[in-house]
Amino acid sequence: MSERYEYVPHRLLHRRVRDIASGAEGELMAVINENVSCSVTHEHWMKLAYVRGASGREFTTTIQNVEEVVGERRDRGPYLGDLDPAGPCP
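Quick note: to get our numbering, add 599 to the position in the sequence shown (first position is 1).
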């Protein structure tokens, strides 16, 4: 039996993502190709996304269920573009 997991590079690592199955959001911390089989003779590998939610706890979902959250920045909340807070110039 080979190793039970391996790290996989992903373009959304350390970015805000949403699990489309549950609607939960968080930061994608890792993508791991993991052997999830209970059998010694038959391996079943899946790419699992490890997402850290707002509470600080991580949860897993299949990488196919992960989508990027666009329009938000962690440091300032919703991204409104380069708008002047005073409003448009006259």
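Glycine is no exception: its CB is placed at the ideal position from the N, C-alpha and C atoms. Note that the structure is predicted; figures quoted are calculated from it, not measured.
Query	Result
If we ignore side chains and look at the alpha-carbon of each, how far apart do R614 and Y649 end up?	12 Å
Could you tell me the boundaries of the beta strand (DSSP E) in which L647 lies?	W644 to G652
DSSP three-state label for I662, please.	helix
Where L647 and G670 are concerned, what is the direct C-alpha to C-alpha distance, given to the nearest angstrom?	25 Å
Note down, in chain order, each residue of its chain lying with its Cβ closer than 7 Å to the Cβ of V635, except the 5 sequence neighbours on either side.	H643 and M645
Is I631 helix, strand or coil when you go by DSSP?	strand
Do you know whose CA, among E657, V639 and I631, lies nearest Q663's CA?	I631
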